[in-house]
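In the working numbering, the protein residues as written are 161 to 328.
Structure record follows, encoded as structure tokens.
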């Protein structure tokens, strides 16, 4: 049995605050080959997840907010924001399922955000073509500025400042 409890959350939060990526995960599934991948993910503000989609192979993702709050951002092929959905531990929306093949990312709205992520397995790293060509990769010098700009992005617009993307 694996517990999702306060001790797990506090340990993950302390670790996420120490890591440059500002996030850590705890796998509930036994193997990367499991048919359902289940993770508890602790994320702190400032973590950057390059917008991506799951086309190859097509997979959906489900996020449930257990603590804190985050927003799931959806984009068109040109990098324009099409929808921003807040998920909050106290509701009114606790989670969202992301369809396969849709450009998306998450931004973390408050410290101590704990998410449950569920998606089909087996695990395989995303192929390069499933990462957005219009946003910086994780670790690029401009990624932090891009992540900051995502917080103020409005539907219909793309991030265009701070040398943030590869192409506009």
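Virtual Cβ for every residue (Gly too), placed ideally from N, Cα, C.
Among 268, 219 and 202, whose alpha-carbon lies nearest the alpha-carbon of residue 196? The residue labelled residue 196 in the question sits at position 36 within the chain shown. Of the candidates 268, 219 and 202, the one whose C-alpha sits nearest the C-alpha of residue 196 is 219.
Would the beta-carbon of residue 205 fall within 8 Å of that of residue 270? Looking up residue 205 in the chain shown gives position 45. Looking up residue 270 in the chain shown gives position 110. One thing to note: residue 205 has its Cβ within 8 Å of the Cβ of residue 270.
- Indicate the three-state DSSP secondary structure (helix, strand or coil) for residue 249 in the structure shown. For the purposes of this step, residue 249 is identified with residue 89 of the chain shown, where counting begins at 1. Coil at residue 249, not helix or strand.
- Query: What separation, rounded to the nearest whole angstrom, lies between the Cα atoms of residue 192 and residue 186?
  - Reply: On the chain shown, position 32 is the one that residue 192 refers to. On the chain shown, position 26 is the one that residue 186 refers to. Taking C-alpha positions only, residue 192 is separated from residue 186 by approximately 13 Å.
message = In the DSSP output, which residue or residues are listed as bridge partners for residue 202?
response = For the purposes of this step, residue 202 is taken as the residue at position 42 of the chain shown. Note: residue 202 sits in a beta bridge opposite 184 and 274.
Give me, in chain order, the residues of the same chain whose beta-carbon lies closer than 7 Å to that of residue 182; leave out the 5 immediate sequence neighbours on both sides. In the chain shown, the residue the question calls residue 182 occupies position 22. Excluding sequence neighbours, residue 182 sits near 176, 203, 204, 206 and 207.
Just how far apart, CA to CA, sit residue 298 and residue 285? Taking the first residue of the chain shown as 1, we reach residue 298 at position 138. Taking the first residue of the chain shown as 1, we reach residue 285 at position 125. Rounded to whole angstroms, the gap between the alpha carbons of residue 298 and residue 285 is 14 Å.
What residues in its chain sit with their C-beta under 8 Å from that of residue 326, if we drop five residues either side in the sequence?
Indexing the chain shown from 1 puts residue 326 at position 166. Unreliable positioning characterises residue 326 in this predicted model, as indicated by a pLDDT of 45, which lies under 50. The coordinate reading is nonetheless provided below. Counting only Cβ-Cβ distances below 8 Å, and skipping sequence neighbours, we find 293, 294, 295 and 296.
Exercise for the section: Confirm, please, whether the CB-CB distance from residue 273 to residue 116 is below 8 Å. Expected result: The question about residue 116 has no answer here: the residues shown for the chain are numbered 161 through 328.
*asked:* Could you tell me the alpha carbon to alpha carbon distance between residue 190 and residue 259, rounded to whole angstroms?
replied: As a working note, residue 190 is residue 30 in the chain shown. As a working note, residue 259 is residue 99 in the chain shown. Cα to Cα, residue 190 sits roughly 25 Å from residue 259.
- prompt: Are residue 222 and residue 170 close, meaning C-beta to C-beta below 8 Å?
  reply: Stepping through the chain shown from its first residue, residue 222 is reached at position 62. Stepping through the chain shown from its first residue, residue 170 is reached at position 10. Not a contact, by the Cβ cut-off of 8 Å.
Unbroken beta strand (DSSP E) run spanning residue 291, endpoints
Position 131 of the chain shown, counted from the start, is the residue given in the question as residue 291. Taken as a continuous stretch (DSSP letters only), residue 291 belongs to no beta strand (DSSP E), as it is neither H nor E.
Requested in this report: With residue 264 as the anchor, note down where its beta strand (DSSP E) starts and where it stops.
Outcome: In the chain shown, the residue the question calls residue 264 occupies position 104. Here the beta strand (DSSP E) through residue 264 covers 263 to 268.
Would you report the Cα separation of residue 278 and residue 247, rounded to the nearest angstrom?
One-based indexing of the chain shown puts residue 278 at position 118. One-based indexing of the chain shown puts residue 247 at position 87. Answer to the nearest angstrom: the Cα atoms are 15 Å apart.
Q: Return the first residue and the last residue of the beta strand (DSSP E) that residue 230 is part of.
A: For the purposes of this step, residue 230 is taken as the residue at position 70 of the chain shown. Here the beta strand (DSSP E) through residue 230 covers 229 to 235.
Exercise. Specify the secondary structure class of residue 197 as computed by DSSP and reduced to three states.
Key: The count along the chain shown starts at 1 and reaches residue 197 at position 37. Strand, per DSSP.
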